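Residue numbers (the numbering used here): 69 to 375.
A quick write-up on the structure given underneath.
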Ligand SMILES: C[S@@+](CC[C@H](N)C(=O)[O-])C[C@H]1O[C@@H](n2cnc3c(N)ncnc32)[C@H](O)[C@@H]1O
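Encoded structure:
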């Protein structure tokens with residue numbers, strides 16, 4: 069399928085779709101490091117720019133529009149919003165791109181928290197907006213570990229199908245793994261995923277195999293819990309602790325945090341996918357990404373819908 073990608077970041081979602089055989093015609097992100105990462109690993113089809121400034125009628129025709137619109141617009145104070153509310157600019161841009169280009173399908177990724185915003189009213193509004201634009205939308209809470217990603221990352225995946233294409237409706241791929249490994253292979257553990265990496269050192273030639281020296285203090289909150297080598301990793305984060313930096317997840321050796329490379333591996337980026345920018349920027353790009361393996365499986369599912 070021909071794809072237009074908004075809010076592309078480093079390109080986790082795009083790279084998975086590309087590997088499944090789709091063409092990314094055009095992509096955009098406002099972050100220069102993410103764009104530089106994208107160019108080095110995926111291609112020059114990405115523009116460095118602000119989605120809100122784009123005239124979508126000038127974009128190439130496509131079968132699919134993808135994008136994880138950041139959800140800052142959906143604050144609780146914002147519930148009396150409607151689609152023309154100024155404060156929802158990023159969601160509005162995604163909505164406009166769909167309304168103008170009318171692709172057969174769209175995929176939008178968001179954080180789990182969007183489900184509870186306004187006691188569910190935000191999601192209801194999104195589904196209703198897209199219905200009015202001519203789309204059927206399913207709202208899916210996905211645990212990435214169920215798709216062979218060594219991480220219990222939960223994300224909301226909105227899948228849209230244009231109403232005249234409902235005989236080929238986009239649905240989630242089948243799960244490939246399960247927690248206890250009864251009917252499907254067991255969830256992949258941190259140790260399975262990253263034990264092949266040596267300890268980072270100055271003469272190490274593995275790209276991005278460097279780590280934050282933010283010391284580990286086990287306090288019982290996100291980014292500060294002990295990692296278990298025999299379980300999937302907790303969610304790789306894109307957010308900081310208020311002190312400016314992104315909080316990298318502790319390595320299960322208990323001595324240091326995971327390197328950029330190890331965090332990327334937990335997000336199922338291949339080991340030769342190189343990230344650009346300062347350490348914090350690299351961690352942020354990785355924490356922001358859709359795991360490549362899940363994107364690939366979704367891409368394979370899309371392949372079954374091609375006519
Ligand atoms: C959740 S991340 C997307 C991750 C991506 N889907 C992936 O799989 O790697 C959201 C992205 O939106 C970008 N962004 C935020 N505001 C933007 C704007 N006004 N125009 C373009 N991109 C924007 C951010 O720089 C960030 O990279």
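Where is the CB? At the ideal position from N, CA and C, for every residue including glycine.
Note that the coordinates shown come from a computational prediction; the quantities given were computed from them, not determined experimentally.
Ligand 1 has no heavy atom closer than 7 Å to the beta-carbon of residue 213. Taking residue 135 as the centre and dropping the five residues before and after it, the same chain places the C-beta of 73, 74, 75, 162 and 176 closer than 7 Å to its C-beta, in chain order. Residue 92 places its beta carbon less than 8 Å from that of residue 113.
DSSP links residue 174 through a beta bridge to 133 and 228.
Secondary structure note for residue 207: its beta strand (DSSP E) is the uninterrupted segment 203–211. In this chain, the beta strand (DSSP E) harbouring residue 70 covers 70–74. Here the alpha carbons of residue 95 and residue 186 stand approximately 31 Å from one another.
In this structure residue 224 is buried. Its beta-carbon is surrounded by 16 or more other beta-carbon atoms within 10 angstroms. For residue 168, the closest alpha carbon among the candidates 124, 130, 357 and 160 is that of 124.
With contacts defined by Cβ atoms closer than 8 Å, residue 87 and residue 362 do not form a contacting pair. Residue 314 carries a strand assignment under DSSP once its states are collapsed to helix, strand and coil. With fewer than 16 other Cβ atoms inside 10 Å of its own Cβ, residue 242 counts as exposed. The Cβ atoms of residue 350 and residue 343 sit closer than 8 Å to each other. Cβ atoms of residue 102 and residue 353 come within 8 Å of each other, at about 5 Å. Exposed is the label assigned to residue 289, since fewer than 16 other Cβ atoms lie within 10 Å of its Cβ.
Nearest neighbour of residue 111 by Cα position, chosen from 79, 89 and 128, turns out to be 79. Beyond the five residues adjoining it in sequence on each side, residue 324 comes within less than 6 Å, by CB distance, of 279 in the same chain, given in chain order. One alpha carbon belongs to residue 204, the other to residue 369, and they sit about 17 Å apart. Residue 372 sits exposed, since fewer than 16 C-beta atoms from the chains shown fall within 10 Å of its C-beta.
Taking residue 327 as reference, the option from 199, 266 and 299 with the minimal CA-CA separation is 266. Rounded to whole angstroms, the gap between the alpha carbons of residue 315 and residue 286 is 13 Å. The nearest non-hydrogen atom of ligand 1 is less than 7 Å from the C-beta of residue 177. Between the alpha carbons of residue 262 and residue 211 lies a distance of about 20 Å.
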